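What follows is a short report on a single structure.
Numbering (our numbering), first residue to last: 213 to 456.
Next comes the structure, spelled out in structure tokens:
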């Protein structure tokens with residue numbers, strides 16, 4: 213005869229009082245939390261319940277409030293499979309969580325259409341942690357469409373005092389390579405408030421793009437710098453002219 217502790221019995225009675233969705237979700241959450249290998253089987257057997265609209269608030273709550281990274285990762289994965297835009301704020305916030313949770317959140321966001329994903333990643337640039345910003349920039353570079361919608365947000369981070377963020381932003385703009393993106397890079401090159409290194413990187417980035425929009429912006433940079441009154445202008449003009 214199997215004897216169960218009063219606590220276990222209490223949990224079983226409480227679970228039995230819930231809806232089928234609540235019971236299945238709680239069972240999976242507890243298995244994931246304990247590292248139980250049966251979690252995958254529970255998931256497969258209850259897939260319709262676990263990925264239902266009724267279950268979405270449970271998974272959003274788990275992603276936002278659970279203290280276990282594995283539970284959060286499972287929650288993000290299931291939210292992505294459900295595909296309801298109501299969960300996007302939770303996924304956006306999760307990008308500033310630990311690396312595993314951030315990766316799961318990114319994978320979930322990528323299950324939405326590119327325009328929606330671009331909007332989330334653009335929002336992350338203004339609200340997320342440094343690691344979240346880098347991840348968002350990387351993902352924007354990989355979108356087949358929609359990244360142009362985020363150029364305004366990327367232009368802001370391209371002028372960051374954080375060298376990693378600034379360089380990654382300019383690299384992302386170079387991947388987008390439309391007129392607005394090239395103009396944003398040129399704005400860095402002509403910004404006297406930024407370091408000479410970042411301004412030079414902006415010019416070299418324009419040179420790597422090699423399209424009509426970048427060529428026009430190189431000429432615009434030269435023209436703007438000729439009227440500039442800063443010590444680095446001469447060197448930057450020489451660099452820009454060498455790319456013509």
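Even for Gly, the Cβ is constructed at its ideal location relative to N, Cα and C.
As the structure is a computational prediction, the values presented were derived from the model and not from experiment.
Exposed or buried, what is residue i when buried is set at 16 or more other beta-carbons lying within 10 Å of its beta-carbon?
i, result
"residue 394", "buried"
"residue 320", "buried"
"residue 221", "With a pLDDT of 39 at residue 221, under the threshold of 50, the modelled position of that residue is not reliable, and no figure is offered here."
"residue 464", "The structure shown does not extend to residue 464, since the chain spans only 213 to 456, so no value can be given for it."
"residue 254", "buried"
"residue 402", "buried"
"residue 310", "exposed"
"residue 404", "exposed"
"residue 313", "buried"
"residue 422", "exposed"
"residue 446", "exposed"
"residue 214", "Annotation note: pLDDT 40 at residue 214 (below 50); position unreliable, no value reported."
"residue 384", "buried"
"residue 256", "exposed"
Can you find the residues in the same chain that come closer than 7 angstroms, C-beta to C-beta, to residue i, ignoring five residues on each side of it along the sequence?
i, result
"residue 434", "449, 452 and 453"
"residue 232", "261"
"residue 264", "233"
"residue 333", "348, 351, 352 and 362"
"residue 241", "274 and 283"
"residue 285", "312, 313 and 316"
Considering Cα atoms alone, identify which of the options is closest to residue i.
i, options, result
"residue 282", "306, 344 and 259", "306"
"residue 345", "361, 356 and 370", "370"
"residue 331", "251, 358, 236 and 445", "358"
"residue 418", "374, 391, 373 and 356", "391"
"residue 322", "408, 343, 313 and 355", "355"
"residue 373", "420, 384 and 407", "407"
"residue 268", "291, 277, 278 and 252", "291"
"residue 364", "397, 343 and 379", "397"
"residue 443", "411, 425 and 426", "411"
"residue 426", "399, 328, 438 and 441", "399"
"residue 326", "301, 342 and 360", "360"
"residue 366", "382, 266 and 343", "382"
"residue 343", "256, 384, 376 and 413", "376"
"residue 413", "247, 341 and 379", "379"
Less than 6 angstroms between C-beta atoms, sequence neighbours within five positions excluded: which residues of the same chain meet that for residue i?
i, result
"residue 387", "353"
"residue 280", "245"
"residue 317", "288, 303, 306 and 307"
"residue 274", "283 and 287"
"residue 293", "263"
"residue 258", "236"
"residue 226", "Interpretation of residue 226 is limited by its pLDDT of 48, a score under 50 that renders its predicted location unreliable; no figure is taken from the coordinates."
"residue 181", "An answer regarding residue 181 cannot be provided, because it is not within the stretch 213 to 456 covered by the chain."
"residue 270", "237"
"residue 437", "445, 448 and 449"
"residue 341", "308"
Near residue i, what residues of its chain come up, given a Cβ to Cβ distance below 8 angstroms and the 5 sequence neighbours on each side ignored?
i, result
"residue 230", "238"
"residue 415", "401, 430, 433, 448, 451, 452 and 455"
"residue 243", "250, 251 and 254"
"residue 389", "421, 423, 425 and 426"
"residue 329", "321, 322, 351, 355 and 358"
- Query: Quick check: the stretch 337 to 345 against the stretch 292 to 300, are there 3 or more CB pairs under 8 angstroms?
  - Reply: no
- Mind pulling the alpha helix (DSSP H) runs of 4 or more residues that sit fully within the stretch 361 to 438? 363 to 370, 375 to 388, 391 to 401, 408 to 421 and 424 to 438
- Starting from the N-terminal side, write out each stretch of the alpha helix (DSSP H) that is 4 residues or longer and does not extend beyond the stretch 231 to 282. 232 to 246, 251 to 257, 259 to 262 and 268 to 277
- Query: What alpha helix (DSSP H) runs, 4 residues minimum, are completely inside the stretch 309 to 365?
  - Reply: 311 to 321, 326 to 339 and 342 to 354
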